[in-house]
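Once you know that position 475 of the sequence shown is 467 in this note's numbering, the rest is easy, because the numbers rise by one and skip nothing.
Ideal Cβ placement from N, Cα and C applies to all residues, glycine included.
Owing to the predicted nature of the structure, the values given are computational and were not obtained by experimental measurement.
Note sheet for the following structure.
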Amino acid sequence: MLEAGKEELELARLAGDRSPDGKYWIRVIADGMWSKRSYGNKYDAKSGVAFIIGARTGKILFYGVRNKHCYVCTLDHNKKKPVREHTCAKNFNGPSGQMEASIIMEGFKASLEMHGVRFLQLVGDRDSTVHKTLVEEAPYGLGFTVEKIDCKNHLLRNYRTWCLQLGANTNFPIPEGVDAKDTKQKQFWIKELRILRTLIKNKTKRLSNAISKASTYRARQEGTLHVRIQQLSDDIKNSACHVFGEHSRCQAYFCQTARNRAQAGPSAPPAAPAAPAAAQSQEEAAPDEAVLNWVPRLQKSGLWTKLMSNLDTMANRANSLIENVNNNMCEVANSVVAKFIAGKRVFYSSRASFNVRCAAATLAMNTSGDFRRIVHKKLQNGQSPGKFTATHSALKAKRLMQQRERRTKVRAAGPPPRRVFDAAGHNAYGLEARAPGDRDESVDDPPAAKPQQPLPEDPRLPAKMQEVTDRLQADLRHLQEISSYPQGGHKWLGARKIRITASNFGPVVRRSKGHSCKVLVRTMLHSKKNPTPAMRHGNDMEASARRYFEQKYGRTVNQTGLVVDRQLPFLAASPDGLIGDDELLEIKCPTSGVDFSSAEEAVAGDKVHTLRNKGSKKTKLF
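Now the structure itself:
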């Protein structure tokens, strides 16, 4: 693992991934596995292992094992005898689900000592509280925030699961406004929903592929990151329209109809395919479904709203999908461990057997087929293995090298010819739906903290304050770079955490003397706020609102990251836009005004309040 760390450090040095304090940082992939299969409902394994793998080298940088069971301790306890002296295998007492987070947290804390680098970007799935633990524990201090990048494969798998569940939902209600007492109309909609649900199931693969291809294209595209993220988000939201025959907003790289329209020129009117008649049966509709526009029928049925809700969730993950990465290397490591533990069919958690087998799997991963030779030389005091063992190891290493070369050539040659699969799937097997959590963001509106007893001052506080002060002074030379950090990224979060921003300035300055700031500080630094539907609506409409403002008032709005005060560098703000040198734009898109054609109508209808007179009452912002 130390050799793998040296390789990662050298690659980070060549790439210039360096923190302000001179330490290099890298991207890692992390995941864990357990000693038994849970089948989605029983998470009580006695042992667990997790790996941290370098994204550039694909080698394991850290691994750890957690055991909740020791055979000797349990035996003596059951016999009500004093526990004999032995090497205890038990090193964990919490629930099995926390093993992965505990191991990965240990690896992050040891990264500087072991490898001399920080792990500031983490690629992983959303099956545990790993990232939440890293944000709360802050292994590198408050100035460095670990950025989470979701695995593309896990996101697409969840999306396909939602689509298949929607297609299999026989209890989906008929549209609102349909008279339930009208038997003829009710039977029509039951038949219509059955046709459309079958259509969604058959199109699930294409819906997933549309997002996958869009993320691959935008990841390779030139341009600033936040612009490409917004473009990918728009492509994701339009993917269902493309798959179901509505191509008015498709991009040319994505859609043949859009390319034909671009070649025909702006004078040629777009040819919109007609919607299939609602009275068609499923058998009649199937042959022409590839060229017909199904969107109007899906919208009338109510299924379109659910489809777009799923797409909104995926669009909120555009910042992860734009990276176009996955945690396949951790899955490979898990499969190697499974070979050493007999496919999880044998209980190896009684003593140290599970630990030894995980260590062997780690060595096998990092040596690329040279495992037997290295183990033999270690056990035999440096003596090389015999002829047959050496030949076997050499052949295996050669075979692995040839596999890598073939895969590299295949990737360079482009995608293979398209193969046709049965998109209907199997009815006898399916995954439990797990909607991914929302992107971790720092808190904008922390709740007021309850009064607490003053805490004794930490003797390390002056040194920490001086460290933060030095960092603030050093950042004054890089204000332009800080303002270019994309909002929500790990660099933006790291710069924001050591400053008081506009959204939390009020609770800080109105703090009563003698009251503990523990809860307030913890809320500001570590609490995460899952976006509500209203927040998601605001994020989705922000770009449209910015464009509308530019068109209406003829002003240019520039997007920015964190704006730091030059005289008071501990103060900062993240405005939604800058207008010239002395004006800023704050965008609010309340859901209470979605039914109105303009903001003026919403204000006149008493649905949106621009200002509220609260007398002498102070708000949490001032």
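Going by other Cβ atoms of all chains shown within 10 Å of its Cβ, with 16 needed for buried, is residue i buried or exposed?
i    : result
S293 : buried
F346 : buried
V75  : exposed
L224 : buried
E0   : buried
Y35  : exposed
V338 : exposed
A596 : exposed
T381 : exposed
H78  : exposed
K144 : buried
R502 : exposed
N319 : buried
A4   : buried
H69  : exposed
L468 : exposed
R399 : exposed
L116 : Just to set this straight, residue 116 is Gly in the shown sequence, not Leu. Result: buried.
S327 : exposed
S589 : exposed
Q549 : The question names Gln, but residue 549 in the sequence shown is Val. Classification for V549: buried.
A202 : buried
S88  : buried
R547 : exposed
R452 : exposed
Relative to the C-alpha of residue i, which residue among the options is closest?
i     : options                    : result
D226  : L313, R152 and N285        : L313
A325  : L554, A487, R463 and G24   : G24
G569  : T66, A535 and E592         : A535
K533  : D304, S30, Q291 and V127   : As written in the sequence, residue 533 is Met, which differs from the Lys given in the question. Out of D304, S30, Q291 and V127, D304 has the C-alpha closest to the C-alpha of M533.
R538  : I221, P561 and I571        : I571
H470  : V511, L554, G546 and V127  : L554
S27   : G335, G498, Q458 and V511  : G335
M(-7) : S103, H69 and I228         : S103
Q479  : N531, R452, A466 and R514  : N531
D142  : Q458, A22 and G374         : A22
V109  : H146, D117, T216 and K(-2) : K(-2)
N616  : G159, A206, E214 and S508  : It is not possible to answer for residue 616, since the shown part of the chain is limited to -7 through 614.
V41   : M97, E2, K205 and G14      : M97
L517  : K544, V127, Q90 and S88    : V127
S495  : P167, A565, R452 and E105  : A565
Q90   : K176, S39, L67 and T66     : S39
E105  : I95, Y132, T125 and R118   : Y132
Short of 7 Å in beta carbon distance, which residues of its chain neighbour residue i, apart from the five on each side in sequence? Order them along the chain.
i     : result
A352  : F332
A(-4) : G46, T49, K51, I52, L53 and N358
L563  : R491, I492 and D557
H482  : L112, Q113, T137, V138 and E139
R10   : Y16
I221  : A310, N311 and I314
V600  : P582, S584, G585, A591 and A594
Please look up how many angstroms separate the CB atoms of residue i and residue j, rounded, as I've assumed it's under 8 Å.
i    : j    : result
W154 : V170 : Not quite, the Cβ-Cβ distance comes to about 25 Å (not below 8 Å), so this is no contact.
F111 : F100 : 5 Å
L615 : F164 : As displayed, the chain neither begins before -7 nor continues past 614, which places residue 615 out of reach and without an answer.
S342 : H123 : With 8 Å as the limit, S342 and H123 do not qualify as a contact, their Cβ atoms being about 33 Å apart.
T552 : S504 : The pair is not a contact, with the Cβ atoms about 34 Å apart (cut-off 8 Å).
L576 : P567 : 4 Å
K370 : S376 : The Cβ separation is near 12 Å, so there is no contact.
V57  : C350 : 5 Å
W286 : G361 : Their Cβ separation, rounded to whole angstroms, is 51 Å, which puts W286 and G361 out of contact at 8 Å.
R677 : N308 : Coverage of the chain is limited to positions -7 through 614, which leaves residue 677 absent and any answer about it impossible.
L147 : M306 : 7 Å
P561 : Q472 : 14 Å between Cβ atoms; not a contact.
A81  : A344 : 5 Å
A254 : A244 : 5 Å
Keeping to the same chain, check which residues put their C-beta closer than 8 Å to that of residue i; ignore five residues upstream and five downstream.
i    : result
N161 : R189
E592 : none
Q272 : Low per-residue confidence applies at Q272: pLDDT is 41, beneath 50, and the placement is therefore not dependable, though the value from the model is reported in the following sentence. Counting only Cβ-Cβ distances below 8 Å, and skipping sequence neighbours, we find I187.
M300 : K229 and A232
P525 : T583
E578 : P567 and D568
C242 : N230, C233, H234, T249 and A250
R364 : P377, T381, H384 and S385
C247 : H234 and H239
To which residues of the same chain is residue i closer than 6 Å at the C-beta, ignoring the five residues directly before and after it?
i    : result
Y55  : F43 and T354
T121 : A93
R152 : T196 and S200
Quick check: does the Cβ of residue i come within less than 7 Å of any heavy atom belonging to the ligand NAD?
i   : result
R19 : You won't find the ligand NAD in this model; it holds no ligand whatsoever.
### Task
Decide yes or no for the touch test of the stretch 231 to 242 against the stretch 312 to 326: beta carbon pairs closer than 8 Å, at least 3 of them.
Taking one beta carbon from each stretch, the stretch 231 to 242 and the stretch 312 to 326 have fewer than 3 pairs nearer than 8 Å; the two do not touch.
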